[in-house]
Each structure stands twice: as structure tokens, then as C-alpha cells.
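Engineer: Quick one: the structure is below, and I'll ask about it shortly.
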Amino acid sequence: MTTPSRDDFFEEDQLFSETCGALGGVVDIGAIKAGDELAPLVTGMLRGLGEDPSREGLLKTPRRVEAAMRYLTKGYSEDLSEIVNGALFDSSNEDIVLVKDIDIFSLCEHHLLPFYGKAHIAYIPSGKVIGISKLPRIADMFARRLQIQENLTQQIADALDKVLAPRGVAVVVEAAHMCMVMRGVQKVGAMTVTRALTGLFKTDSRLRRELSSMLGKPTA
Ligand SMILES: [Zn+2]
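Position 173 (the sequence shown) corresponds to 172 in numbering that gives the first Met the number 0; numbering is contiguous.
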């Protein structure tokens, strides 16, 4: 397997438009809307892959894939204020609050393949703290959508900034991407690290060093 070149990506684009053309007469792709059944589309995909969707092992696959995809993207139907649900508490703490090693499972929006790893979420309170169990739930809400890791990281930081108005937020996400591991460059073990900072974490390098030592790694 070689590293994908610009030409490979061009061919993918070309393939995409040709495929849409061929399917146009069979399925009205443009008429499909949120909540519509996905299983028939999976059946079509199996046929397109050269499989026989009526063979025993694949009979229930379209339904299973639909259920799995609904679960893996359930963050679309979740809402930040419902998750937080008023769990904000007065506190005089003015130092770093960190919840680290939060498992995240997401799907890359370019290949619909999983990426997964850990999120570390830190903030500096400004009179209020948030129930700590809410931080993994906020991370999960954004992870259970089609994502790129850069945006996922920023969205978690922005959400915490919005609900808590703290003096600063730092989010670090470390993840392995199956689209890199299983295809293309095939780099098993390569981790992508992304970071989003707001407020004091952006302006104060001393705080960032403090966070690094709390995380036990030089990623922050
Ligand atoms: Zn990807």
C-alpha cells in the first residue's frame, strides 16, 4: 500500500459523481431526509460491493448497520442544556479542575470510519463549577456525530465556555484514526493530538505548563 496522492483523491471525487449518476435512476438520493430508513441503502451498498445481500450471514446486516449508525451518531439528537440540566454549583475554587482520560469514540466525516482515544478537559472556575460527570457527557455528545478531531476538540471547549463562563478552558484530544490505520498510510499506533484553549489557558503559559504536569505528558 502506498501513500495516497492528490490523484487518488481526484479519482475518489470522480468515482463519487459517477456513482451518484448510476444510482439516480434507482434511488432518489436527493429526497432522502433525516430519520428515513437507512437499511435499504445498506442493501444497495452490499450489492455495489459485489456481495449477495440475501445470503444468510448478511440477511440482518442492513438493519444492524442502521441501528449501529443511529447509535454512533446519537449526539445529533442531544442538546447541551439538557445534558447540563442545571448542574452548576457555586465554588470559590480558582485553580485548575481537570477530568482526564475520558474515552471518546467518534466517526470521521470523510470516511465514516471510527476514530477513538482520550479527551482531557480542564477549566478554571469563575465562581461556579460544573458536575464532573457532565464533562464526559458533553464530550460524548459531540463525539457521537460525524466529526474531524480538530472540530470535536474545539466544540467541547466552546460548549464548556458557553455553559460555565469560566476563566479558561483547555481541551486535549488524543486519538487513533482507523482511516489512517486500515487504509492509506496504514500507520498503526500513530496518534493525533489536538488542543483547544480559551481565556487564561490561551494567555498564561504558566497555566499550560501546570496542566501539562497534571496530564503527565508534554502534550498541553
Ligand atoms: Zn477519515
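Every residue, glycine too, gets a C-beta built ideally from N, C-alpha and C.
For S105, count neighbouring Cβ atoms within 10 angstroms of its own Cβ and tell me buried if that reaches 16, exposed if not.
Structural biologist: Sequence index remark: in the sequence shown, residue 105 carries index 106 (1-based). It is buried - the Cβ of S105 has at least 16 other Cβ atoms within 10 Å.
Engineer: Look at I155 and V171 and say whether their C-beta atoms are less than 8 angstroms apart.
Structural biologist: Numbered from its first residue, the sequence shown carries residue 155 at position 156. Numbered from its first residue, the sequence shown carries residue 171 at position 172. The answer is no: Cβ separation not under 8 angstroms.
Engineer: Looking at the unbroken alpha helix (DSSP H) that takes in T152, where does it start and where does it end?
Structural biologist: The residue given as residue 152 occupies position 153 in the sequence shown. 148-163 is the span of the alpha helix (DSSP H), which, as asked, contains T152.
Engineer: Measuring CA to CA, which of I82, H176, S76, T60 is closest to G130?
Structural biologist: Reading the sequence shown from its first residue, position 131 is the one you call residue 130. Comparing Cα positions, the closest option is I82.
Engineer: Relative to the alpha-carbon of K117, which residue among K133, V180, T191, Q146 has its alpha-carbon at the smallest distance?
Structural biologist: Within the sequence shown, the letter at position 118 stands for residue 117. Here the closest residue by C-alpha is T191.
Engineer: Taking Cβ positions, are K201 and G167 nearer each other than 8 angstroms?
Structural biologist: As a working note, residue 201 is residue 202 in the sequence shown. As a working note, residue 167 is residue 168 in the sequence shown. Yes. Within cutoff.
Engineer: If you measure between the beta carbons of G74 and D139, is that distance less than 8 angstroms?
Structural biologist: Position 75 of the sequence shown holds residue 74. Position 140 of the sequence shown holds residue 139. Contact: yes.
Engineer: Could you tell me if the beta carbon of H110 falls within a distance shorter than 7 angstroms of some heavy atom in ligand 1?
Structural biologist: Counting from 1 along the sequence shown, the entry for residue 110 is found at position 111. Checking the Cβ of H110 against ligand 1 gives yes.
Engineer: Could you check where the alpha helix (DSSP H) with E209 kicks off and where it finishes?
Structural biologist: Along the sequence shown, read from residue 1 onward, the residue named residue 209 stands at position 210. Note, E209: alpha helix (DSSP H), 204-214.
Engineer: With Y122 and L163 assumed to form a contact (beta carbons below 8 angstroms), what rounded beta-carbon distance in angstroms separates them?
Structural biologist: Numbered from its first residue, the sequence shown carries residue 122 at position 123. Numbered from its first residue, the sequence shown carries residue 163 at position 164. At roughly 7 angstroms, the Cβ-Cβ gap stays under 8 angstroms, so Y122 and L163 are in contact.
Engineer: Check each candidate in R194, R207, S132, A158 and name the one with the smallest Cα separation from S80.
Structural biologist: Your numbering for residue 80 matches position 81 in the sequence shown. Nearest of R194, R207, S132, A158 to S80, Cα basis: A158.
Engineer: Cα separation between Q185 and M179?
Structural biologist: By 1-based counting over the sequence shown, the position of residue 185 is 186. By 1-based counting over the sequence shown, the position of residue 179 is 180. Near 5 angstroms, if we compare the C-alpha coordinates of M179 and Q185.
Engineer: Would you kindly report the start and end of the unbroken beta strand (DSSP E) that includes S80?
Structural biologist: One-based indexing of the sequence shown puts residue 80 at position 81. No beta strand (DSSP E) holds S80; the alpha helix (DSSP H) holding it covers 79-83.
Engineer: Of all the options R62, D100, D35, which has the alpha carbon lying nearest to the alpha carbon of L45?
Structural biologist: Within the sequence shown, the letter at position 46 stands for residue 45. Nearest C-alpha to L45: R62.
Engineer: Alpha carbon to alpha carbon, how far is T152 from H176? Give it in angstroms, no decimals.
Structural biologist: Here residue 176 refers to the residue found at position 177 of the sequence shown. Here residue 152 refers to the residue found at position 153 of the sequence shown. C-alpha separation (whole angstroms): 15 angstroms.
Engineer: Going by beta carbon distance, what residues of the same chain come within less than 7 angstroms of S125, once the five residues before and after it are set aside?
Structural biologist: Sequence index remark: in the sequence shown, residue 125 carries index 126 (1-based). Closer than 7 angstroms at the Cβ level, and outside the excluded window around S125, lie A164, P165, R166.
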